[in-house]
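Heads up, the thing below is written out as C-alpha cells.
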Amino acid sequence: MGDTRGPDAPSRETSQERSPFGNELMRLKRRGCCILVTGRSSVHVRAAQSRQLFGAVDEPRRRILTLIDATPSETSQYFPDGITQSHSDVTVLDYTETVQDTTRVAGKSRSQSSSSQSDDPSMTGLGATLCDPIGAAIRNEQTEPGELRVGVATLDAIVVSDGRSATRAFVEAVRADILAANGMGHFHLPGSVDPETLDALAPVIDIHLELRESRPHIPEHRWHLLDTDRSTDWIPL
Numbered sequence: 001m002g003d004t005r006g007p008d009a010p011s012r013e014t015s016q017e018r019s020p021f022g023n024e025l026m027r028l029k030r031r032g033c034c035i036l037v038t039g040r041s042s043v044h045v046r047a048a049q050s051r052q053l054f055g056a057v058d059e060p061r062r063r064i065l066t067l068i069d070a071t072p073s074e075t076s077q078y079f080p081d082g083i084t085q086s087h088s089d090v091t092v093l094d095y096t097e098t099v100q101d102t103t104r105v106a107g108k109s110r111s112q113s114s115s116s117q118s119d120d121p122s123m124t125g126l127g128a129t130l131c132d133p134i135g136a137a138i139r140n141e142q143t144e145p146g147e148l149r150v151g152v153a154t155l156d157a158i159v160v161s162d163g164r165s166a167t168r169a170f171v172e173a174v175r176a177d178i179l180a181a182n183g184m185g186h187f188h189l190p191g192s193v194d195p196e197t198l199d200a201l202a203p204v205i206d207i208h209l210e211l212r213e214s215r216p217h218i219p220e221h222r223w224h225l226l227d228t229d230r231s232t233d234w235i236p237l
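Residue numbers (UniProt numbering): 1 to 237.
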C-alpha cells in the first residue's frame with residue numbers, strides 16, 4: 001500500500017519510522033522531482049491536488065503557477081488557503097492568450113499538411129514558445145532546496161498542438177530548471193491518458209499521480225513512484 005501522505009508530511013520522522021514508500025518520497029523531495037497528475041476529475045479536484053503539492057502555508061515556499069489552458073479566473077483555487085496570487089511568494093504566468101493564438105495558427109498549418117508532429121523529438125510550436133519564459137521565471141527565484149514548487153495547468157494544449165515527443169522535450173527542459181533548484185514540479189494532464197503518451201513522458205517524470213471521483217464529492221488519488229515501482233492504494237484526497 002505504501003505511505004499515504006503527500007510530499008509535505010512531517011519530516012521529523014527518522015528513516016526507520018517511515019515506510020519504504022515514505023523514504024523514497026523524502027529522497028525525491030530532497031533531490032527535486034516532477035509529478036504527472038492525470039485522471040478523469042473536475043478542475044476543482046485538480047486544483048485541490050495542486051493545493052497539496054504547492055505546500056503548506058506555514059512552510060517557506062516559492063510557488064510558480066503556469067496557466068496554459070486553465071481558466072485564469074480560477075487561479076486562486078490552486079493555492080493553499082491563505083495564499084493568493086498577489087502573495088509575495090507567488091508568481092502566476094498566464095499564457096492562455098498565447099496558447100489560443102499559437103494553436104489557432106497550428107491548426108491552420110495541420111489542415112494544410114498530412115504530416116504528424118507526434119514523432120518529432122525536438123521541442124516545437126507551443127512548447128518552444130513557452131519554455132524559455134517559464135525557465136527564466138524558475139531561474140529567477142532564489143530558493144533553498146525544497147522551497148520551489150512549480151505547477152503547470154495543463155499539458156493538454158501542448159500534447160494536442162505539438163505531439164507527444166515534443167511535449168516530452170518541453171517537460172524535460174522545465175524539469176532541468178526545477179531540479180537545478182532542488183524543487184518540485186507538477187504537470188496536470190486531465191482525463192484518461194493513453195498508454196503511448198504515458199510512455200513518452202515516463203523518462204522525464206518521477207511520480208505519476210492519478211485522480212478519480214469514485215463517489216460524489218469524495219475525490220481520491222493514487223501515487224506511483226516510477227523509479228522503484230512503488231504505489232499507494234486509492235486514498236481520499
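Don't be surprised by glycine CBs; every beta carbon is placed ideally from N, CA and C.
The DSSP-derived three-state label of M184 is strand.
For I158, the enclosing alpha helix (DSSP H) covers residues 156-162.
Around the C-beta of P80, 16 or more other C-beta atoms lie within 10 Å, and the residue is accordingly described as buried. C-alpha of I64 to C-alpha of R215: approximately 31 Å in a straight line.
The beta carbon of G185 lies closer than 6 Å to those of C34, V150, I178 in the same chain, with the five residues before and after it left out. Under the 8 Å Cβ criterion, the region 19-39 counts as touching the region 186-194, having at least three qualifying pairs.
Take the alpha-carbon of H44 and the one of R212: they are about 12 Å apart. Comparing alpha carbon positions, the residue from V171, V160, R164 closest to I134 is V171.
Within the DSSP bridge table, the entry for P190 names G39 as partners. Counting C-beta atoms within 10 angstroms of its own C-beta, A202 has fewer than 16 neighbours from the protein chains shown and is therefore classed as exposed.
Here the region 217-229 does not lie against the region 57-73, with fewer than 3 beta-carbon pairs under 8 Å apart. Excluding its 5 nearest sequence neighbours in each direction, I138 has C-beta neighbours in its own chain below 6 Å: D177, listed in chain order. In this chain, T66 is not harboured by any alpha helix (DSSP H); it is covered by the beta strand (DSSP E) spanning 62-67. In this structure, T102 keeps its C-beta atom at 8 Å or more from the C-beta atom of S165.
About 23 Å separates the Cβ atoms of A153 and L25, ruling out a contact at the 8 Å cut-off. In this model, R46 and E74 are separated by some 12 Å (Cα to Cα). Taking C-beta atoms as the reference points, I158 and L126 count as a pair closer than 8 Å. For P219, no alpha helix (DSSP H) run applies; the uninterrupted beta strand (DSSP E) run containing it begins and ends at 218-225, by DSSP. With 16 or more other Cβ atoms inside 10 Å of its own Cβ, E210 counts as buried. For A56, there is no enclosing beta strand (DSSP E), as DSSP marks it with neither H nor E. Secondary structure of G151 (DSSP, three-state): strand. Look at I138 here: in three-state DSSP terms it is helix.
In the three-state reduction of the DSSP assignment, I178 falls in the helix class.
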